Every structure is written in structure tokens, then in C-alpha cells.
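Going line by line, the protein sequences match chains U and R. Numbering-wise, the first sequence is residues 1 to 548 according to the numbering used here. Numbering-wise, the second sequence is residues 1 to 301 according to the numbering used here. A short worksheet on the structure shown next.
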Amino acid sequence: MKKKALWMLLTVFTLMVLVVAGCSNNDEANSEGEDSNSQDTTDSESAEEGSGGSSTFVFGRGADSEQLDPSKVTDGESIYVTNQIYDTLVRYEQEGTEVVPALATEWETSDDGLEWTFQLRDDVTFHDGTDFTAEDVVFNFERWTEGAEYVYYGYMFGASEENPGGIIEKVEATGDYEVTFTLSEPNAPFLNTLAMPPFGIASPDAIEEHGEDYFKNPVGTGPFIFEEWKQDDSITLSKNEDYFGETAKVDTVIFRVIPDNGARFMELQSGSIDAMNGMNPQDIQQAEDDEALQIIRRPSMNVSYMAMNTDKEGPLKDKKVRQAINLAIDKEKLLSLFEGIGKPAKNPMPPSLWGYNDNVEDYGYDVEEAKSLLAEAGYGDGMSITLYTMSNPRPYLPQPKFAAQAIQEMLKEVNIEVEIVENEWDSHLSATENGDHDMAFLGWTGDNGDPDNFLYVLLDKDNAKKGSAGNIAFYKNDELHDILKQAQTELDQEKRVGLYEEAQEIIHEDAPWFPIAHTTPPLAVKKEVQNYIPHPTGSEPFNYLELN
Amino acid sequence: MKTLAAEAKADQMDPALKSKKNSSLWLDSLSRVIKSKTSLIGLVIITLLIVVAIFAPQIATHSPTDQSIIDRYQSPSSEHLLGTDELGRDIFSRIVYGSRITIQIGVITVGISMIVGVFLGAVAGFFGRWVDQIIMRLIDIMMAFPSILLAIALVAVLGKSLTNAMIAVGIVGVPHFARIVRSTVLSVKETEYIEASRVIGAKNGRILFSHVLPNCLAPIIVQATLTIGTAILDAAGLSFLGLGAQPPLPEWGAMLSDGRSALQTAPWVVMFPGFAILLVVLGFNLLGDGLRDALDPRLKQ
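Right, here's the structure in full:
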């Protein structure tokens, strides 16, 4: 009897599993059906003036977002999405990094540059229905001082354990819709920094409600409302009808993860996605020839580099070895892997930015010189080091694995054995932030159009802390630190230019990086998509684009 | 009577000890392998593979790792017989050198599977009871995992490298050998010549290793040949996923993976390594099938 009962139970269980599985499929199908229905109705409401049809914009990309809480991330894939959900106090104009009003309508600063007062909009609501007030701004800024996990706050405002607020002494709500910042020292890039997507204002209610899980339940004020996140598959957003700015023209935006460049391009050709980034360079020509597609080139404000870990015990501690590696790699040849979308880099910041020092002369390719430097440093007989690379393409480095293999082969010429360690994007980030590597690929797309955002974030000793390092060369130079600090507080533009030029000289001499390239990352977009204006910072809100 | 008894005894003798008859058994099988067209094709492919691997430096036209980035993605020509890959390396030379890695993978992985699997299966079958129970239940657990999944999990634990990939694929192959050997041992140990050696007073170890196992050789050989094919395929799969051979090793699976990004513009970069894998696996499978038929006593004419 007992046995029979057991069998019954098993059978019932199996049946249940089947039924549930079947249901979930049905559910999906149903909800999809409902979705398209509701779309149809909204369409017919607004269709009086325009065309009907589907208005879902699907964007294909190579990797998923890490988190949807922009204050805790530094990767472009997260920010691409949060840029749609959140607003900042001020934002960049559509094509450049000039600052224009957003949540704040106007602002003024005291003569000494220490006090900033912002007037806020009074007609904004968060996606969860709560009203946006000055108290919410204060709440967000105070939250960001709570710890090192708010990475960008630390990078940009110099926050540390001893001084969690960094240069922001206090943030006060001086009225219902007025907020005042008091700084401990003048900060030239302050306003530009506030426009960076990581400083998007989130709903305090939602943060309290979701706690630890807030990163997957983001609530902001932006043009799109978060709907659903299927990890490593897709993120769905819907249009915010009550948006205070330009209301979106598309009803739904879907970010899809398609890791393989070639597969993603094929999906674009077959029409299952509307736009993509991270093209294989060799596919660009094909996209240009395709009647249905257009190539949009993002203005260049990035740099890709190979950082050399100056902190780890080993040959790379020695400046001569780092210089030798710079000499031993044929950059021209390496750049042919980019098929024309990249220009060789010699400085850690792009030439499109003010303060770029064009007088720095790149190391050039000279194997003999490299060999003699290595011999001087005592490594003439060879050495072996690791090169960490991400497996997925980045806008600044379209084919990291091939670049790694090319460098491996070139360094063999000077008796350096390179072991390539390939990791997925997020494990690559955590490994390099921890300093596990000897050498590692990475790159940076500027966020605010200020040299500080490159030099201070990527090469200052303040940002060389294991675990959250922006400076993954772990390069620590006090002279450079003083210059960068001085440039932050200096309000005279011309003096700042001089300081940054000097900083680039120092960095060139110490060679903590092998700078690779500045790219104009291509996006392939269907011809039907109009008004897709790429922003130099690497991502743009989709509320302007239209589907024909 | 005396002669009859002697004859009867001779019939029941351990076949492995009947050296004369034995060699003719193997010769028979070999001739049957050659007679069968399909297995002959398999044999030819494998011989070709071995020859190419041995004379790789003479056959290859370029170094397998020399890059010439300017000449990347060139289509097949007289200079580069099978074209060049993403870093301007000669695909023909890489495939030629890759054959060495392939053989290495085949021999080592199957070696691991065979040694461990035969030992476990023989012990389980010969001693029976709880030994059998424990070993075979473990084997059952291993067989419950899809083989490539288990291999991926093992590599994830051991770390990414060709050696670890070979160990992983080797471990994954163990259950098949263990099962086959166990069942053969079960039938062999009941034969009269085993009983006879027991009567003489031979110890377990001696019986198992010099009387039982030699008589299980035929199925082991067939299984080994067939497993080499799957092992090569699994190892190539691991390399394709980036878990096996690390650059710049010209491993065929890794070559496929690297060539993927140019599938539309330069299909030869994936076509030729893919074809090489196909050919070799086909070769081993054909030969394995032929051997199985040849060594099956029921098919003896």
C-alpha cells in the first residue's frame, strides 16, 4: 500500500511539473498577446496623427548590466539602461558635454566656488507615484556617502573611509524645491560631474522598500519605466507617459544580450533587433552595403589600454620593464585589428578633450631598444607574466581576444612569455579591481567631458584601492597626485590645461599603461530608426528616437 | 578415453594462452577490418592523421603561430593553401600542427578513461557483492550527468587549460569502460578455465589480471576506438568554449571559436578546422564500428 501511495505521489508530482511548465509557457504567450493588445490600443489613441504598427525598440548588445542602481556601477552596460530610467540634476546636451537643465532648472554658485544652489522642477513624479522634492536629492546624496560600494561618488568627489562625503561637506534642502551644496574646496568639474548618469536621482521610497534588492527594482523619474529583467537575456522598459521632458516616441524598449558579435549582427540583418553596438570590425563594410541598415559612429571620447600592475611583486614594478613593453608592441600593426575604427593612443585621454597633450611623443616600436631596457632591468633572459582580457567586445576594444594574442606574439620577440587569462566581463572587472593580474586590458569612455574624469579616476593613487580600483595599474605617484588635486580645485581653465598637460608627461615617463586606441565605436541601426544621436559619453536616452 | 579427455581440456583452455590460435584470431579480425570498406576508410583516415602529425614540420608551409596581422582573413591561395585566420596565421599549417594536439587529446583522454574504467569495472565484476554495489552506483551517478556538462563542471573546478580539459574528458569516459568491462568480467569469470585456475590455487590478483582481463580485450579495444572520436569532439567543444586549449595553441576547436566572428566574411577560417574535426571523428567511428563487427565471435564465418 505504502509503495502504491508513493507512486501515486510521484505521478501527481510529475503531472504537476508538466502542467506548471505548460502554464508558464501559456502565460508568457498570453502576456505577450496582452502586451501587443495594449500596445495596439495606445497606438490607436495616439495614431490619429501618425503611423500605427509596432513601436518596440530592441537594442542588442554584448553583455548584460551588472546592476540597475547606477550609483554602484562603472560599466557602460549598466549605465546604458539606467540612463533611460533616471534623471540627473543637470544633463548633457544631446550631442556634446555642455550642461543643460534637467531636474534642476537653474543654478548659481558663490564667488569662492564653494556653494552651489539649484532650483528644482516642481512637476516631477517618480515612477512609483511619489513626488520629487529637494529632500529626495538630499536623501540620494547622503546615501552615496554610506560606503565604498558607491564607486563613482568615491571616484568623482574623492570620498574615502575617513572622509565619506569627500569634497561635498553638506547637502541641504533649503526649500521644497531648492537644494544647496557646500563644498570643502572649489571643484572645477562639479557641475559636469552632476550630469553623469551615476548620479541619477532614485526614489527614496523604492530604495527603502526593496533594500538589498533595489538594484533589480530601479525607480527613477526618467523617460522610461523599468518593467522586467531576465538576467543575461533581456531588460524591458516601457514609456513614461508623464515624463516632464520629451516624451518617448516608442512604447517599449528592450535591451537584449547577444554575446557573440557575429550572431548579433545576423539578428540585426534578419530584423529581430533594431540596433546594436559592438560590431565586428570586418562586418562594418557589410552593414554599409546593406540597404536596410545604417552605420552611426559615436563621437570618440574613449581610450583602450593595457594596464601594467605596478603594485604586484614582479618585473612590472620596474619602470624600465614597462617602458620596454611599450617599445616592444607594434601599435600600428595592432591597430589594423580595429579595421579603421580606431586611432592609436599615446596619452591616457582622448585628443577630442581639452587639455590633451599632443607634445608627448609615443614610445614607438623598437625591439632592440626594448631588449636593452629589459637587459638593464635584469630580465634579458626572459620572464613570464599574465595578460587578463575580457571575452566580450567593448566599444573601445572590439576584439580583445585577438588583440591579446597579437600582443602575446609580439612580446615573444623580447623573451616575454605571456599567459592569456580570459574572463567574462563581470569576473574580468572584479579580478582586475582586485589586482590579480600582471597586465590587463580595459578601457574608459569619458562621462563628463573633463580630463579629471580620465586622469584622476584611472591613474590617481586615490583610486588604486584593491577591490574598487579605477586605477588598475595600481600606479601611485605623489607628484602626479598633487597635480591632479590642484587641477581639481583650480577654477582658471588655462591653468588647468597646463596642469593636465604636465600630468600626461609624468604618466608617459612612468608608463603604467600601454595606451592602445581611441575609437569611434560604430552602431548598426535599421534605417527605420530615426534621430538616433549617439552621445560621446557612450550611451544616450532613447526618448528622442523614432521608428518609421 | 585419454585422448578425448585431453581434447576436451584443450577446448576449455584459456584462449589467451593459446598463443597460436590467438594470433590467428587477431589476424582474422584484421583481415576482416580491411575487407570491410567502411572500416578501411576509417583506418586510412587515422593513418593519414598519424602521418601528418609525425611529419608536421615537413608538411606545414608556415609556422603555426607566426602572425602577420596585415594579411588577415586572406582567402585560400597558393601562398596560403587554406587561407589565413584572424591574426594572419596560415590555417593549413595550424591544422597540420593541430593534428598533434588532436592525437595527444585522443590518446591521453582515452588512456585515462581506460585505465580507471577497466580497473573499476574489473574489480566490481570480479569481486561482486558490496564492492560491485559501491563502484557501480558511483558509476551510475556519473552517468546521470550529460557528459559535456560534467566535463565543463570539472574544468571549472580544475581551471582552464588543455591538460585539465583532457583530465575532465578522460574522467567523463570512465563509466562506459567500467560498465563494459564489468559485464564482460562477469561472464568470463564463470568460465571453466577460470574455475580451473582457481582449483590450481591461483590467487585472485593473478586470476583477474592474467586470465580474466586478457579475455576482455576485444570489447575494450572497440570501446577505446569509439571513445577516441567522442573524446576529440568533447575536447574540441571545451576548447570552443574557451575552457580547453589556450592561445596560441592551434587546437581545432579553439580555431573554430576564434574564426566564428568572421563567419560571414571569411568562412574558410571556420570551415577547414571544422572539416578536420569531422573527418577525424568520422575516421575513428568507422574504424570502431568495423572493429566491433570484426571482433564479434558471432560473426565469425
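No residue lacks a Cβ here, since even glycine has one placed at the ideal position from N, Cα and C. If you're wondering where the values come from, they're calculated on a predicted model, not measured in any experiment.
Annotation note: the region 216 to 268 of chain U contains no uninterrupted alpha helix (DSSP H) run of length 4 or greater. Think of a sphere of 8 angstroms around the beta carbon of Pro-247/R: the chain U residues whose beta carbon falls inside it are Lys-401, Ala-404, Gln-405, Gln-408, Ile-420, in chain order.
When secondary structure is reduced to three states using DSSP, Asp-131/U falls in the strand class.
Contact between the region 306 to 315 of chain U and the region 462 to 474 of chain U is present, with at least three C-beta pairs closer than 8 angstroms.
Pro-248/R is classed as buried because its beta carbon has at least 16 other beta carbons within 10 Å across all chains shown. Residue range 400 to 412 is occupied by the alpha helix (DSSP H) that includes Lys-412/U.
When DSSP states are grouped into helix, strand and coil, Thr-180/U belongs to the strand group.
Against Tyr-73/R, the close residues of chain U are Gln-282, in the order they occur along the chain (beta-carbon pairs closer than 9 angstroms). The beta-bridge partner set that DSSP reports for Val-529/U consists of Leu-547/U.
When Cβ-Cβ separations below 7 angstroms define contact, Ser-239/R makes no contact with chain U.
Residues of chain R with a Cβ closer than 7 angstroms to the Cβ of Leu-337/U are, in chain order, Ile-69. A direct Cα-to-Cα measurement between Gln-282/U and Thr-174/U gives close to 56 angstroms. Interface flag for Lys-333/U against chain R is set, since a Cβ pair is found closer than 7 angstroms.
Check the Cα spacing between Leu-238/R and each of Ile-148/R, Ile-134/R, Leu-43/R: the tightest is with Ile-148/R. In the displayed model, Pro-189/U falls within coil according to three-state DSSP, outside both helix and strand. Using a Cβ distance threshold of 7 angstroms, Glu-540/U and Lys-249/U do not count as a contacting pair. Relative to the Cα of Val-174/R, the nearest Cα in the group His-80/R, Leu-120/R, Gly-244/R belongs to Leu-120/R. Contact note: Arg-260/R reaches chain U through Asp-260, Gly-262, using a C-beta cutoff of 8 angstroms and chain order. With fewer than 16 other Cβ atoms inside 10 Å of its own Cβ, Ala-292/U counts as exposed.
One alpha carbon belongs to Asp-176/U, the other to Ala-511/U, and they sit about 50 angstroms apart. Near chain R, meaning a CB-to-CB distance below 9 angstroms, no residue of the region 534 to 548 of chain U qualifies. Listed along the chain, the chain U residues whose CB falls inside 8 angstroms of the CB of Gly-242/R are Ser-391, Glu-422. Contact with chain U is found for Thr-265/R, since one of that chain's Cβ atoms lies less than 7 angstroms from the residue's Cβ.
Residue state for Pro-515/U is assigned as strand, using DSSP reduced to three classes.
In this structure, Tyr-193/R is the residue among Ile-228/R, Tyr-193/R, Ile-134/R, Trp-130/R with its C-alpha nearest to the C-alpha of Ser-210/R.
In the DSSP annotation of this structure, the continuous segment of the alpha helix (DSSP H) that includes Arg-137/R starts and ends at 129 to 144. Within the region 50 to 65 of chain R, the residues whose Cβ lies closer than 9 angstroms to some Cβ of chain U are Thr-65, listed in chain order. Residues of chain U with a Cβ closer than 7 angstroms to the Cβ of Glu-79/R do not exist; the shortest Cβ-Cβ separation is about 19 angstroms.
Distances from the alpha-carbon of Ser-261/R to those of His-62/R, Asn-164/R, Thr-47/R, Arg-72/R put Arg-72/R closest.
Going by DSSP, Gln-294/U is part of the beta strand (DSSP E) stretching over 293 to 297.
Considering only beta carbons, the part of the region 79 to 99 of chain R lying closer than 7 angstroms to chain U consists of Glu-86, Leu-87, in chain order. Taking the Cβ atoms as the reference, Gly-278/U lies roughly 6 angstroms from Arg-61/U, within the contact range of under 8 angstroms. When the five nearest sequence neighbours on each side are left out, the beta carbons in the same chain lying within less than 7 angstroms of the beta carbon of Val-81/U are those of Ser-65, Leu-68, Ile-235, Phe-255, in order along the chain. Between Gly-449/U and Thr-537/U, the alpha-carbon positions lie close to 8 angstroms from each other. With a contact defined as Cβ atoms closer than 8 angstroms, Lys-320/U and Leu-373/U qualify at about 5 angstroms. According to the DSSP assignment, Val-174/R belongs to the alpha helix (DSSP H) that extends over 162 to 188.
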